[in-house]
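Worksheet: one structure, shown below.
Number of protein chains: 2
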Amino acid sequence: MAKHDPHLDDLFTALGDPTRRAVLARLARGPASVSELAAPHAMALPSFMGHLQKLETAGLIETRKQGRTRICRLAPDALAPALDWLSKQRALWSGRLDRFDNYVTRLNDARSQKEPPHGHPDRPRPAD
Amino acid sequence: MAKHDPHLDDLFTALGDPTRRAVLARLARGPASVSELAAPHAMALPSFMGHLQKLETAGLIETRKQGRTRICRLAPDALAPALDWLSKQRALWSGRLDRFDNYVTRLNDARSQKEPPHGHPDRPRPAD
DNA sequence: GAATTACTTAGGCGTATGGCTAAGCATGAT
DNA sequence: ATCATGCTTAGCCATACGCCTAAGTAATTC
């Protein structure tokens, strides 16, 4: 079940920045050098390198030095964990949403009308 | 294509925190009150509320007040944009990766063995 | 109506993030 | 050898983040 995966932290955080997503999108069209990647981004190179650093730390890109230029490319399956978490989560959501929505709506309605002394009944514990 | 979508920033950033992901996971089993959600998280309530706030800002959860308790539940299709971006991206990656990987590997190999005086040949400029 | 409960608001604190400039290497070209 | 290029390191700054305590407000309970 993955208690809390620190890798996912890095992954999602890395994706949470437009510059970094743009770099990934650009990189999807093929490897590129640092300065090439930095060109469209209107920021000083060291700042930009910071972004690359995070992408690499998150395992989203791989870089290697070739002469004095550093070539960056995408890491093959780096998106898999994120995609995996998201799709699992969505599967749960869609499965449960309507059921519980109905349940709670009904519950609230009952409470605001009747004020049962019991407080809240045991939550349904959806089969686990 | 989405030049840079600020919504995605919020979405991914919200997902980049273990507490917030845990809340979502928990919430996938059904709606819950703030204090119920906060219970397993060993932090002061205001701190925890900050996380809920971000989840709501990101559009991942919806909350409404019922008496003095606030009920939180998942927002139906909130994950879709993130999932969408990721899967599109992955589609691009897998399409290009091997092609360019081969190209670059071959290129580097040639250079480190022969050191051609030409410098780097024109990169392939993938169609665009 | 007074106490309890469940949030909420206000404000503070330390660290991380995202940006900058200015030097500092290496490598490649002349 | 010299110079230009391409990245790297070092250091600074402002803001945002994640956490806290303390005090406030609104709804239930007694």
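Heads up: the sequence lines are chains A and V, in that order.
Quick note: the first sequence uses our numbering, first residue 1112, plus one each step.
Quick note: the second sequence uses our numbering, first residue 1112, plus one each step.
By construction, the Cβ of each residue, glycine as well, lies at the ideal position given by its N, Cα and C atoms.
A quick note: this is a predicted structure, and the numbers were derived from the prediction, not measured.
Worksheet item: With distances taken between CB atoms, is the gap from L1194(V) to S1205(A) smaller than 8 Å?
Response: Annotated as distal: L1194(V) and S1205(A), with beta-carbon spacing of 8 Å or more.
Discussion item. If you reduce the DSSP assignment to three classes, tell me which class R1137(A) lands in.
Written reply: helix
Discussion item. For L1185(A), report the span of its alpha helix (DSSP H) as first-last.
Written reply: Element bounds for L1185(A): not the alpha helix (DSSP H) but the beta strand (DSSP E), T1180 to L1185.
Practice prompt. Measuring only between beta-carbons, confirm whether F1159(A) sits less than 8 Å from chain V.
Written response: no
Discussion item. Per DSSP, what are the beta-bridge partners of T1174(V) in this structure?
Written reply: C1183(V)
Discussion item. Our contact map puts A1139(A) next to L1185(A) with C-beta atoms below 8 Å; I'd like the distance itself, whole angstroms only.
Written reply: 6 Å
Practice prompt. Take the Cβ of R1175(V) as the centre, count every other Cβ of all protein chains shown within 10 Å, and call the residue buried at 16 or more, exposed below.
Written response: R1175(V) comes out exposed.
Worksheet item: According to DSSP, is A1143(V) helix, strand or coil?
Response: If DSSP states are grouped into helix, strand and coil, A1143(V) belongs with the strands.
Worksheet item: What does H1115(A) touch in chain V if you count any residue whose Cβ is under 9 Å from its own?
Response: P1129, T1130, R1132 and A1133
Worksheet entry | DSSP state of L1218(V) mapped onto helix, strand, coil | Caution applies to L1218(V), whose pLDDT of 45 falls short of 50 and renders its modelled position unreliable; the value that the coordinates give is listed next. If DSSP states are grouped into helix, strand and coil, L1218(V) belongs with the helices.
Discussion item. I need the DSSP call for L1197(V), collapsed to helix, strand or coil.
Written reply: helix
Fill in: Contact belief for V1145(A) with L1126(A) at Cβ below 8 Å, rounded distance in angstroms
Between L1126(A) and V1145(A) the Cβ distance is about 20 Å, and since that is not below 8 Å, they are no contact.
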